[in-house]
Structures are given as C-alpha cells and as structure tokens.
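Protein chains in written order, with the numbering used here: chain R, 1 to 113; chain C, 1 to 113.
Input: a single structure, listed below in structure tokens.
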C-alpha cells in the first residue's frame with residue numbers, strides 16, 4: 001500500500017492479557033520504528049529495526065514489551081501481562097534512508113481495563 | 001531529551017501565514033532541523049527539513065537563521081486543516097547519525113475561522 005498500515009486500530013485488553021500489535025511498513029523501507037504516545041504527550045521512542053535487525057530497544061519500558069521483524073518487513077509489538085499504564089497509542093513509522101522523513105501509521109489505541 | 005524549545009500554543013487566523021518558531025541553540029554541525037505535525041487522532045506527518053539553507057516545498061517553508069540557533073516554519077496560507085501539534089526536531093545525520101527522532105512537546109497551533 002501507499003502508507004504505513006497498523007492493526008488493529010483499537011484494542012481493549014483486560015489487565016493481565018497479552019496483546020500483539022501489527023505494523024505493515026511501506027514496501028522497501030529499511031528502517032522501522034515503534035513509538036508510544038500517552039494522552040496529551042509527544043510520541044516516545046520504543047525501539048528501532050534496520051531490516052530484521054533490532055538495533056535499538058532502549059525505549060522499551062519493561063521486559064513485558066517485545067518487538068520483532070523477522071523478515072525485515074512486517075513488525076509486531078507484543079505486550080505481555082498488560083497493565084493500566086500501558087494504555088496509550090502505539091505508533092509505527094518507516095523510512096527508506098536516513099535523510100528521508102519518517103512515514104507514520106495512524107496508530108493502535110490500546111486501552112487496558 | 002528534546003534539544004528544541006517551542007511555544008506551547010499559538011493562534012493564527014485562517015488565510016494568514018502561520019509562523020512557528022523553534023529554538024535550538026545547542027545544535028551541532030551535523031544536525032538537521034526537521035518539522036513534523038500531528039493532526040488529532042492521526043500519526044505524525046513529516047513536513048520539511050533543512051541543514052542551513054532555507055527550504056520550501058508544497059507544504060511549508062523553513063527559514064533557518066545564519067547561526068542555526070533558531071528556525072521558523074511558515075505555513076503561507078493557513079487553513080482549518082492545519083490545526084495540529086507541530087514538532088521541531090534536531091537530528092544528526094551522516095556518520096554519527098541519530099537513528100531515532102526524539103519528540104518534544106511541540107506547539108499546538110489553532111487556526112481560527
């Protein structure tokens with residue numbers, strides 16, 4: 001497709017449930033990023049892939065968060081044993097080269113109840 | 001931490017030019033200035049970037065001062081659809097590049113009818 005696609009668009013999870021959020025980047029884009037955005041705040045960096053290699057995961061808030069991009073295209077962000085503080089919009093972005101701007105998806109809004 | 005300072009909010013009348021300032025007094029020689037915006041319920045959208053020369057594209061113009069310590073994003077004829085949060089970001093490119101972008105709090109721009 002022409003843009004970055006994220007699914008689901010909305011997810012409601014019960015506390016303690018595991019969730020998986022999917023990101024389909026623009027075809028051919030080497031770099032892929034995950035961000036977390038709490039209400040009223042700017043996006044916060046979570047992790048970065050170059051092709052299938054996860055080069056930076058310094059922003060993942062705990063070991064309950066795990067991301068993968070096994071074939072260098074689609075990526076999944078998994079959150080285990082969700083907590084209320086995990087409620088946020090999770091944004092995925094991709095880019096082709098370092099000089100290019102990022103293209104962001106519309107995000108997945110996760111609500112943990 | 002974000003390396004830029006922006007006003008929290010601004011108003012602009014529809015049809016007028018919107019001038020959004022950004023201070024980046026500690027910018028380094030290999031750091032570019034990037035602008036993104038985020039319309040409500042959407043992911044951030046890349047607008048423009050520059051190193052030291054002024055830049056213009058179909059969306060906006062970027063004016064960078066000669067000492068590169070500040071810049072201004074100009075939306076020449078603001079419309080209601082330009083109401084958004086605008087993020088000014090500095091990011092190193094080249095050999096010692098920043099692979100991720102760090103968002104600050106941005107400027108909430110209200111376009112008034």
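C-beta atoms are modelled at their ideal positions from N, C-alpha and C, and glycine is treated no differently.
Per DSSP, residue 10(C) is one residue of the beta strand (DSSP E) stretching across 9 to 13.
For residue 105(C), at least one C-beta of chain R is nearer than 8 Å to its own C-beta.
In the three-state reduction of the DSSP assignment, residue 9(R) falls in the coil class. Here residue 33(C) is bridged, per DSSP, to 50(C), 90(C).
Spanning the alpha carbons of residue 82(R) and residue 42(C) requires a straight line of approximately 24 Å. In terms of beta-carbon proximity, residue 75(R) stays away from the interface with chain C, with every pair separated by 8 Å or more. Against chain R, a Cβ distance below 7 Å from residue 73(C) picks out nothing, because the smallest value is about 14 Å.
With a threshold of 8 Å between beta carbons, residue 27(C) makes no contact with chain R. Per DSSP, reduced to three states, the secondary structure at residue 82(C) is helical. Look at residue 6(C): its C-beta is not under 8 Å from any C-beta on chain R. Annotation: residue 58(C) is outside any beta strand (DSSP E) and is labelled neither H nor E by DSSP.
With 16 or more neighbouring CB atoms inside 10 Å of its own CB, residue 49(C) falls in the buried class. The Cβ atoms of residue 112(C) and residue 13(C) lie closer than 8 Å to each other. Contact of residue 81(C) with chain R by beta-carbon distance below 7 Å is absent, the smallest such distance being about 16 Å. Of the candidates 6(C), 66(C), 61(C), 61(C) places its Cα closest to the Cα of residue 77(C). For residue 99(C), the nearest CB of chain R lies under 8 Å from its own CB, placing it at the interface with that chain. Residues of chain R with a Cβ closer than 7 Å to the Cβ of residue 44(C) are, in chain order, 43, 104.
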